[in-house]
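Residue numbers (full-length UniProt numbering): 1 to 588. Backbone N, C-alpha and C define an ideal beta-carbon position, used for all residues, glycine too. Scroll down for the structure; my scribbles are underneath it.
See the structure below:
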């Protein structure tokens with residue numbers, strides 16, 4: 001969320017602001033539409049937006065164009081990679097690799113440009129002593145019609161890689177402990193095996209729907225482990241991670257042949273992505289990233305969800321329409337559904353009914369979301385097979401628009417960021433790389449001083465861990481990436497109001513305390529934990545400290561031991577990245 005706060009306006013937002021001031025707002029005022037109900041306003045503004053955009057050159061203004069392979073771009077990116085490549089400067093190899101991947105993504109299939117980029121990447125692999133990956137790139141280069149003049153170099157690298165495989169691998173200097181897989185701390189729920197049985201979903205006037213525990217919980221307890229329904233990589237991760245499974249495989253990524261925006265770690269992931277969603281987004285991803293950008297990352301993930309949902313219904317909009325028309329949304333409850341027997345369509349229903357906050361949004365914000373939904377709808381009709389399907393059926397055309405708008409809105413208030421650890425020299429920090437839809441975890445309300453935290457696991461699942469004792473009957477609070485330790489009160493309140501349409505009433509916001517007041521015992525245990533070389537030793541120390549009888553927790557700020565516990569669990573169970581490569585786990 002802090003990342004979003006620092007983003008500037010996107011091209012799409014600039015254009016919408018212009019249209020709002022010149023056309024849309026005047027229409028609302030002139031036709032006295034301000035006093036309409038929410039549903040009535042939507043009935044008015046949706047066709048109005050279609051008319052405005054039909055008579056406005058938005059494609060030219062937003063520079064929309066079909067994404068195609070580009071030989072000149074492929075050469076330019078490869079040249080840039082060569083500028084960064086130096087065999088004795090390993091700190092520059094990661095940047096060089098990203099440029100080579102850019103080149104591969106822009107090069108035509110079977111072209112010399114792609115072959116040379118693969119060949120260059122094979123040399124990077126040798127410098128990293130990643131011999132198996134080196135051999136993969138040599139194979140890819142040969143399969144891509146590598147020019148004869150490079151064959152001798154490839155042969156020498158192949159021999160060096162085969163020789164390297166026979167030698168002991170050089171230690172990177174960074175060791176990761178081999179630990180047991182993270183598991184729930186208590187018996188799992190009988191119908192929801194991904195959470196403990198003591199969690200319940202309650203509702204009241206103040207908090208709306210919220211999650212409470214029926215038993216006392218301890219700091220360090222693992223309460224939920226959920227697999228996302230859909231995920232979306234941040235744009236700046238597309239050159240190092242697989243666009244489907246999100247594994248960090250920068251040295252072996254292969255490109256989608258239909259666009260320049262997606263790369264995969266294997267033919268298997270490429271095929272799965274195409275079948276499960278990418279066929280409906282491939283032709284417009286490049287334009288969407290430019291007009292929406294990271295600032296509307298949630299909206300981008302919403303489009304991924306629409307594509308995923310259509311595929312779940314065997315690409316049959318009629319079947320999907322019948323299913324949704326017969327769905328009683330009031331009876332869909334992720335906490336009461338039997339996940340052991342649930343079908344993928346049942347799982348989609350739990351995402352479909354997540355809150356849109358539509359009625360809480362201003363007229364301008366509603367109009368802006370319809371502006372984006374209208375453009376995306378048009379691009380889908382023009383550039384994907386959905387156009388031919390919807391051309392024959394006006395109801396399906398409307399269904400597609402409604403899904404785009406609905407999931408654009410849902411994603412902006414329910415998408416959840418996933419964090420891994422990135423090493424910068426001696427400093428290790430958390431970095432967001434993916435947004436995900438997790439219908440169970442989405443039930444957690446926000447506090448700027450949360451009592452639970454999220455831990456992204458290596459396999460892509462997300463765990464929820466208690467970071468302080470929680471009494472029976474107490475509500476569980478997550479932080480929507482805005483906690484009192486990282487962001488001042490004014491910025492938190494502003495961001496939560498803009499993105500989530502509510503005013504936070506936690507003590508940190510009510511008291512407006514932005515200073516830290518260290519506790520002596522917290523300071524002492526933090527210093528001891530910092531001296532420990534292994535997180536497997538520091539985590540038990542921290543949980544013991546946090547669970548001590550009578551331990552005081554300030555209501556306006558997280559303590560250092562709480563933050564260290566979250567960081568320690570990430571070290572043990574999440575992915576650690578050095579430069580652009582993940583650090584493997586090693587047994588003692």
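Straight-line Cα distance separating residue 354 from residue 410: Counting from 1 along the chain shown, the entry for residue 410 is found at position 410. Counting from 1 along the chain shown, the entry for residue 354 is found at position 354. So the alpha carbons of these two residues sit roughly 6 Å apart.
Spatial neighbours of residue 211 in its chain, beta-carbon cut-off 8 Å, leaving aside the 5 residues before and after: Along the chain shown, one-based indexing puts residue 211 at 211. For residue 211, where only same-chain residues beyond five positions count, the Cβ hits under 8 Å are 199, 200, 201, 202, 443, 444, 445, 475, 476.
Three-state secondary structure (DSSP) of residue 377: Residue numbering aside, residue 377 sits at position 377 when the chain shown is read from its first letter. Reduced to three states, the DSSP call for residue 377 is helix.
Residues that residue 255 bridges to, as DSSP identifies them: The count along the chain shown starts at 1 and reaches residue 255 at position 255. Paired residues: 263.
Best match in 505, 448, 468 for proximity to residue 483 [C-alpha to C-alpha]: In the chain shown, residue 483 corresponds to position 483, counting from 1. Out of 505, 448, 468, 448 has the C-alpha closest to the C-alpha of residue 483.
Burial state of residue 479, where buried means 16 or more other Cβ atoms lie within 10 Å: Against the chain shown, residue 479 aligns to sequence position 479. Answer is buried; the Cβ neighbour count reaches 16.
Nearest residue (CA-CA) to residue 331, options 349, 383, 380: To locate residue 331, count along the chain shown from 1; it is residue 331. The option with the nearest alpha carbon to residue 331 is 349.
Nonlocal neighbours in the same chain, by C-beta distance under 7 Å from residue 97, ignoring five residues either side: On the chain shown, residue 97 is found 97 positions in, with the first residue counted as 1. Only 121, 124, 250, 251, 580 meet the Cβ criterion.
Validate contact between the region 387–403 and the region 416–428 using beta carbons, cut 8 Å, 3 pairs: no
Close-in-space but distant-in-sequence residues of the same chain around residue 441 (CB under 8 Å, 5 per side omitted): For the purposes of this step, residue 441 is taken as residue 441 along the chain shown, with counting starting at 1. Cβ within range, chain order: 224, 226, 416, 454, 462, 464, 478.
Supposed contact pair residue 390 and residue 400 - C-beta distance, whole angstroms, cut 8 Å: Within the chain shown, residue 400 is the residue found at index 400, counting from 1. Within the chain shown, residue 390 is the residue found at index 390, counting from 1. Contact holds; Cβ gap of about 6 Å.
Within 8 Å, strictly: CB atoms of residue 565 and residue 307: Locating residue 565 in the chain shown gives position 565, counting from the first residue. Locating residue 307 in the chain shown gives position 307, counting from the first residue. Going by C-beta atoms, residue 565 is not nearer than 8 Å to residue 307.
Sequence-distant residues of its chain with Cβ nearer than 7 Å to residue 406 (five each side left out): Position 406 of the chain shown, counted from the start, is the residue given in the question as residue 406. Correct list, in chain order: 356.
Check: residue 549 C-beta below 7 Å from any heavy atom of the ligand PLP: With respect to the ligand PLP, the structure shown offers nothing to examine, as it has no ligands at all.
Rounded Cβ spacing between residue 288 and residue 259 (contact assumed at less than 8 Å): Here residue 288 is taken as the residue at index 288 of the chain shown, counted from 1. Here residue 259 is taken as the residue at index 259 of the chain shown, counted from 1. With 8 Å as the limit, residue 288 and residue 259 do not qualify as a contact, their Cβ atoms being about 11 Å apart.
Own chain, CB closer than 8 Å to residue 345, minus 5 neighbours either side, in chain order: As a position in the chain shown, residue 345 is number 345, starting the count at 1. The residues are 312, 313, 323.
Residues near residue 468 in its chain [Cβ-Cβ closer than 7 Å; skip 5 each side]: The sequence position of residue 468 within the chain shown is 468, counting from 1. Around residue 468: 219, 451, 546, 553, 562.
Inter-stretch contact at 8 Å, needing at least 3 Cβ pairs: the region 360–373 / the region 263–283: no
Rounded separation between residue 587 and residue 135 - CA only: The residue you call residue 587 lines up with position 587 of the chain shown. The residue you call residue 135 lines up with position 135 of the chain shown. Because residue 587 sits at a pLDDT of 47, beneath the cut-off of 50, its placement in the model cannot be relied upon, and the following sentence gives the value as read from the coordinates. About 27 Å.
Status (buried if at least 16 other CB within 10 Å, exposed otherwise) for residue 194: On the chain shown, residue 194 is found 194 positions in, with the first residue counted as 1. Burial call: buried.
Option nearest residue 559 by Cα separation, candidates 126, 519, 248: Locating residue 559 in the chain shown gives position 559, where the first residue counts as 1. Among 126, 519, 248, the Cα nearest to that of residue 559 is on 519.
Span of the beta strand (DSSP E) around residue 580: Here residue 580 is taken as the residue at index 580 of the chain shown, counted from 1. Looking at the DSSP string, residue 580 is not in any beta strand (DSSP E), and its letter there is neither H nor E.
6 Å CB neighbourhood of residue 184 in its chain, flanking five on each side removed: Against the chain shown, residue 184 aligns to sequence position 184. Correct list, in chain order: 196, 222.
Same chain, Cβ closer than 6 Å to residue 191, neighbours up to 5 away in sequence not counted: Counted from its first residue, the chain shown places residue 191 at position 191. The answer, listed in chain order, is 338.
4-residue-minimum alpha helix (DSSP H) runs that sit fully inside the region 88–159, ordered along the chain: 90–106, 112–128, 131–143
C-beta atoms of residue 110 and residue 155 nearer than 8 Å: As a first step, residue 110 is located in the chain shown; it is residue number 110 there, counting from the start. As a first step, residue 155 is located in the chain shown; it is residue number 155 there, counting from the start. Not a contact, by the Cβ cut-off of 8 Å.
Element boundaries [alpha helix (DSSP H), containing residue 475]: Walking along the chain shown from the start, residue 475 turns up at place 475. Looking at the DSSP string, residue 475 is not in any alpha helix (DSSP H), and its letter there is neither H nor E.
Cβ pair count under 8 Å reaching 3, the region 9–27 against the region 290–297: yes
Where residue 446 falls: helix, strand or coil (DSSP): Position 446 of the chain shown holds residue 446. Note: residue 446 maps to strand in three-state DSSP.
Rounded straight-line distance, which links the Cα of residue 118 to that of residue 381: To locate residue 381, count along the chain shown from 1; it is residue 381. To locate residue 118, count along the chain shown from 1; it is residue 118. Going by the C-alpha atoms only, they are around 35 Å apart.
Identity of the residues DSSP links to residue 280 by a beta bridge: Within the chain shown, the letter at position 280 stands for residue 280. In DSSP, residue 280 forms no bridge with anything.
Helix, strand or coil at residue 224 [DSSP, three-state]: In the chain shown, residue 224 corresponds to position 224, counting from 1. In this structure, residue 224 counts as strand in the three-state DSSP scheme.
Enclosing alpha helix (DSSP H) for residue 320 [first to last residue]: Along the chain shown, one-based indexing puts residue 320 at 320. Element bounds for residue 320: 317–325.
Alpha helix (DSSP H) segment containing residue 79, residue limits: Start at 1 with the first residue of the chain shown, and residue 79 comes out as number 79. Note, residue 79: alpha helix (DSSP H), 71–84.
Inside the region 341–370 only - alpha helix (DSSP H) runs reaching at least 4 residues: 344–352
Short Cβ contact (8 Å threshold) for residue 556 with residue 528: Position 556 of the chain shown, counted from the start, is the residue given in the question as residue 556. Position 528 of the chain shown, counted from the start, is the residue given in the question as residue 528. No, they are not a contact pair.
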